[in-house]
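Each residue of the sequence shown is one higher than the last, beginning at 342 in my numbering.
No residue lacks a Cβ here, since even glycine has one placed at the ideal position from N, Cα and C.
These numbers were taken from a predicted model, which means no experiment stands behind them.
Let me begin by presenting the structure, written as structure tokens, before commenting on it.
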Amino acid sequence: MGGNLSRRIIAFEPLINPELISSIKLFTNQMEGILASKPNQRRINIDPGYVNSYHLILATTKPAPHRPYLKEGIYADLTLLYYNKGFKPLPWTYPDYASDQLIAIISSLRQKFLFQLKRLRNNSL
């Protein structure tokens, strides 16, 4: 993708069913292709994922031993684990996702997730 890269983290409401992550990844792959400057030259890279109480999961098309297969060529990448009061990178976590800055953002998203989950549970009673 070249130099001069910038990163944006975008979160959405309402909460999604984690089972949808592979379909979301297939959609974002189509978006990347449409926005490419030339065939196979992406101008953007979209890494859809989800945060819950326990981890950050990203959807990817790249197989690896730690990535369970979901469907249609999409794998779940366990990127960060939450334990001992914080997110921790794993040996395979990409360096940018292991950065303190990104972990702080993901931690904030986890807090919002927990709040939304509590609100959903209270509304269903």
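Express the C-alpha separation of residue j and residue i in angstroms, rounding to a whole number.
i, j, result
"I385", "R348", "10 Å"
"A445", "P355", "21 Å"
"K379", "P430", "34 Å"
"R383", "K366", "15 Å"
"Q452", "L443", "14 Å"
"Y435", "N463", "37 Å"
Less than 7 Å between the C-beta atoms of residue i and residue j, yes or no?
i, j, result
"Y416", "Y423", "no"
"T369", "I351", "no"
"W433", "H396", "no"
"F428", "S449", "no"
Less than 8 Å between C-beta atoms, sequence neighbours within five positions excluded: which residues of the same chain meet that for residue i?
i, result
"F454", "L356, V392, N393, S394"
"I362", "P389, G390, Y391, I398, A400, L411, I415, A417"
By Cβ distance, which residues of its chain are closer than 6 Å to residue i, with the 5 residues on each side in sequence left out?
i, result
"Y438", "T420"
Margin query: For the pair the segment 401-418 and the segment 372-379, tell me if three or more CB-CB distances fall below 8 Å.
Written below: Contact check between the segment 401-418 and the segment 372-379: fewer than three CB pairs, one atom from each, fall below 8 Å, which does not count as touching.
Note to self: Runs of 3 residues minimum, wholly inside the segment 372-429: which ones carry the beta strand (DSSP E) assignment?
What the structure shows: Runs of the beta strand (DSSP E) inside the segment 372-429: 390-392, 396-401, 410-412, 415-424.
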